[in-house]
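Peer 1: Position one of the sequence shown corresponds to residue 20 (the working numbering), numbered consecutively onward.
Ideal Cβ positions, reconstructed from N, Cα and C, are used throughout, including at glycine.
Note that the coordinates shown come from a computational prediction; the quantities given were computed from them, not determined experimentally.
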Amino acid sequence: MTVFSRLLPSLASAYGLQSIFALVFVPQQNEKYYDLCGALGFLSTTFVSLYYPSLKAKFIDGIPGPLPAFSSFAPRQLLLSAALGIWTARLGSFLALRAVKAGGDSRFDEIKTQPAKFTGAWLAQATWVSLVGLPVYLCNTLQPAYLHPSLTPRDYASIALFASSFLFEVIADRQKSAWRRAKDRKEHDERFITSGLWSISRHPNYVGEVGIWTGIWALSTTSLQTAAFSRSTVALAALSPLFTWFLTRNISGVPPLERAGDEKFGDDPKWLHYKRTVPIFWPWGSVN
20 MTVFSRLLPS LASAYGLQSI FALVFVPQQN EKYYDLCGAL GFLSTTFVSL
70 YYPSLKAKFI DGIPGPLPAF SSFAPRQLLL SAALGIWTAR LGSFLALRAV
120 KAGGDSRFDE IKTQPAKFTG AWLAQATWVS LVGLPVYLCN TLQPAYLHPS
170 LTPRDYASIA LFASSFLFEV IADRQKSAWR RAKDRKEHDE RFITSGLWSI
220 SRHPNYVGEV GIWTGIWALS TTSLQTAAFS RSTVALAALS PLFTWFLTRN
270 ISGVPPLERA GDEKFGDDPK WLHYKRTVPI FWPWGSVN
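1) Taking the alpha-carbon positions, what's the Leu-36 to Ile-79 distance?
2) Please report how far the alpha carbon of Lys-75 lies from the alpha carbon of Leu-166, in whole angstroms.
3) Using only alpha-carbon positions, find the residue among Gly-227, Arg-268 and Pro-134 that is nearest to Val-189.
4) Give me the Cα-Cα distance between Ile-212 and Arg-200, rounded to the nearest whole angstrom.
5) Can you tell me which of the three DSSP states Phe-44 falls into?
6) Determine the burial state of Pro-260: buried for a count of at least 16 other Cβ atoms within 10 Å of its Cβ, exposed for fewer.
7) Tell me which same chain residues have a C-beta within less than 8 angstroms of the C-beta of Pro-298, skipping the five on either side of it?
8) Quick check: the Cα distance between Arg-95 and Ala-101, rounded to an integer number of angstroms?
9) For the alpha helix (DSSP H) holding Trp-141, just list the boundary residues, first then last.
10) Can you check which of these residues, Glu-277, Ile-231, Ile-235 and Tyr-225, is closest to Pro-302 by C-alpha distance?
11) Give me, in chain order, the residues of the same chain whose beta-carbon lies closer than 7 angstroms to that of Arg-295; leave out the 5 immediate sequence neighbours on both sides.
12) Indicate whether Leu-30 and Ser-177 have their beta-carbon atoms separated by less than 7 angstroms.
13) Tell me whether Leu-161 sits in a helix, a strand or coil according to DSSP, three-state version.
14) What do you get for Asp-174, buried or exposed, if any count of 16 or more other CB atoms within 10 angstroms of its CB means buried?
15) Flag this pair as yes or no: are the beta carbons of Thr-64 and Ala-33 separated by less than 7 angstroms?
16) Go ahead and label Thr-233 buried or exposed: buried means 16 or more other beta carbons lie within 10 angstroms of its beta carbon, across all protein chains shown.
17) Between the beta-carbon of Glu-206 and the beta-carbon of Phe-127, is there less than 7 angstroms?
18) In whole angstroms, what is the alpha-carbon distance linking Gln-172 and Val-119?
19) Of the choices Leu-62, Ala-135 and Pro-154, whose alpha-carbon is the least far from that of Ser-251?
20) Once you ignore the five residues that flank Cys-158 on each side, which residues in its own chain have a CB closer than 7 angstroms to its CB?
21) Tell me whether the stretch 102-116 and the stretch 44-62 touch, counting them as touching only if at least three CB pairs, one residue from each stretch, are closer than 8 angstroms.
22) Is the CB-CB distance between Leu-62 and Ser-73 below 7 angstroms?
So this is what it looks like as structure tokens:
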């Protein structure tokens, strides 16, 4: 079975669900639930990647029987699916609540009144769900469970990378939220945050995001290097952390935030000092 054939049910699920959401929310010009719908896309696509063979047997081939229990899957499949689920629940709820509280998402102010472009944003989200989740979806297609190698020290190191990166992202987000609450209570008059993890990177939450998906990819590689997959599958799955890095560092993450900071604080000596002394992304990287 080719890699594309393995992925087809998951890809169909990702694009199908976001298309349904587009049919509902584009006519309403409603972007409040965009991030929540993305989270649902990750969860449903992961479910399909695990259960598609059983669903096909039950509902298409007419073979009776219950869906397999979680315990029937390989430990690596369960760990990967759990990691994706934890990340999705945390980030999806965080972003969704922020959008609802703010009454919308400013990213879509210009395009939500243009049906074609707004629809394109929903399909772009399907592409994001498909590419970023690749290591999980691919690993989940390898069934039955005995085809997966046992967990190795490399797997445990990958789990540690995921966990530490997840913690890094959570701490960065909470530090910024606490900073904002303190500012609202007039406990300080700082114009922008420079403390905690924000003192070693101007965008530490995105650093954590890249680390999370690097850990997930690394955890999948032992299974993706078995004879069931082609040699290029590990490289294909690496699109997940690479796309996450490219998107956050060069497209939708760092650049607009840096531009916004320059517009708001460009003449502030503290801002200029912050940009000169704190790396823009990696804590060990350059300031530009």
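Peer 2: The structure says:
1) Within the sequence shown, the letter at position 17 stands for residue 36. Within the sequence shown, the letter at position 60 stands for residue 79. Separation of Leu-36 and Ile-79 (C-alpha to C-alpha, rounded to the nearest whole angstrom) is 20 angstroms.
2) To locate residue 75, count along the sequence shown from 1; it is residue 56. To locate residue 166, count along the sequence shown from 1; it is residue 147. One C-alpha to the other measures close to 20 angstroms.
3) Along the sequence shown, read from residue 1 onward, the residue named residue 189 stands at position 170. Selection Gly-227, Arg-268 and Pro-134 evaluated against Val-189 yields Gly-227 as nearest (Cα-Cα).
4) Taking the first residue of the sequence shown as position 1, residue 212 is located at position 193. Taking the first residue of the sequence shown as position 1, residue 200 is located at position 181. Between Ile-212 and Arg-200, the C-alpha separation is close to 12 angstroms.
5) For the purposes of this step, residue 44 is identified with residue 25 of the sequence shown, where counting begins at 1. If DSSP states are grouped into helix, strand and coil, Phe-44 belongs with the helices.
6) Here residue 260 refers to the residue found at position 241 when the sequence shown is read from its first residue. Buried.
7) Working through the sequence shown from its first residue, we reach residue 298 at position 279. So the list reads Ile-219, Ser-220, Arg-221, Gly-304, Ser-305 and Val-306, once near-sequence residues are dropped.
8) Taking the sequence shown and counting its residues from 1, the one referred to as residue 95 is at position 76. Taking the sequence shown and counting its residues from 1, the one referred to as residue 101 is at position 82. Answer to the nearest angstrom: the Cα atoms are 10 angstroms apart.
9) The residue labelled residue 141 in the question sits at position 122 within the sequence shown. Element bounds for Trp-141: 134-151.
10) Sequence index remark: in the sequence shown, residue 302 carries index 283 (1-based). The residue with the shortest Cα to Cα distance from Pro-302 is Tyr-225.
11) Locating residue 295 in the sequence shown gives position 276, where the first residue counts as 1. Val-306.
12) Your numbering for residue 30 matches position 11 in the sequence shown. Your numbering for residue 177 matches position 158 in the sequence shown. No; because the gap between Cβ atoms is not below 7 angstroms, this pair is not in contact.
13) Start at 1 with the first residue of the sequence shown, and residue 161 comes out as number 142. In this structure, Leu-161 counts as coil in the three-state DSSP scheme.
14) Within the sequence shown, residue 174 is the residue found at index 155, counting from 1. By the 16-neighbour rule on beta-carbons within 10 angstroms, Asp-174 is buried.
15) Reading the sequence shown from its first residue, position 45 is the one you call residue 64. Reading the sequence shown from its first residue, position 14 is the one you call residue 33. Cβ atoms of Thr-64 and Ala-33: closer than 7 angstroms.
16) For the purposes of this step, residue 233 is identified with residue 214 of the sequence shown, where counting begins at 1. With 16 or more Cβ atoms within 10 Å of its Cβ, Thr-233 is classed as buried.
17) Walking along the sequence shown from the start, residue 206 turns up at place 187. Walking along the sequence shown from the start, residue 127 turns up at place 108. Cβ atoms of Glu-206 and Phe-127: not closer than 7 angstroms.
18) On the sequence shown, residue 172 is found 153 positions in, with the first residue counted as 1. On the sequence shown, residue 119 is found 100 positions in, with the first residue counted as 1. The sequence shown places Pro at residue 172, rather than the Gln named in the question. Straight-line spacing of the CA atoms in Pro-172 and Val-119 works out to 42 angstroms.
19) Within the sequence shown, residue 251 is the residue found at index 232, counting from 1. Here the closest residue by C-alpha is Pro-154.
20) Residue numbering aside, residue 158 sits at position 139 when the sequence shown is read from its first letter. Within the same chain, Cβ atoms closer than 7 angstroms to the Cβ of Cys-158 are found at Arg-95, Gln-96, Leu-99, Ser-239, Ser-242 and Leu-243, the five residues on either side in sequence being excluded.
21) Proximity of the stretch 102-116 to the stretch 44-62 meets the contact definition, three or more beta-carbon pairs being nearer than 8 angstroms.
22) The count along the sequence shown starts at 1 and reaches residue 62 at position 43. The count along the sequence shown starts at 1 and reaches residue 73 at position 54. No, they are not a contact pair.
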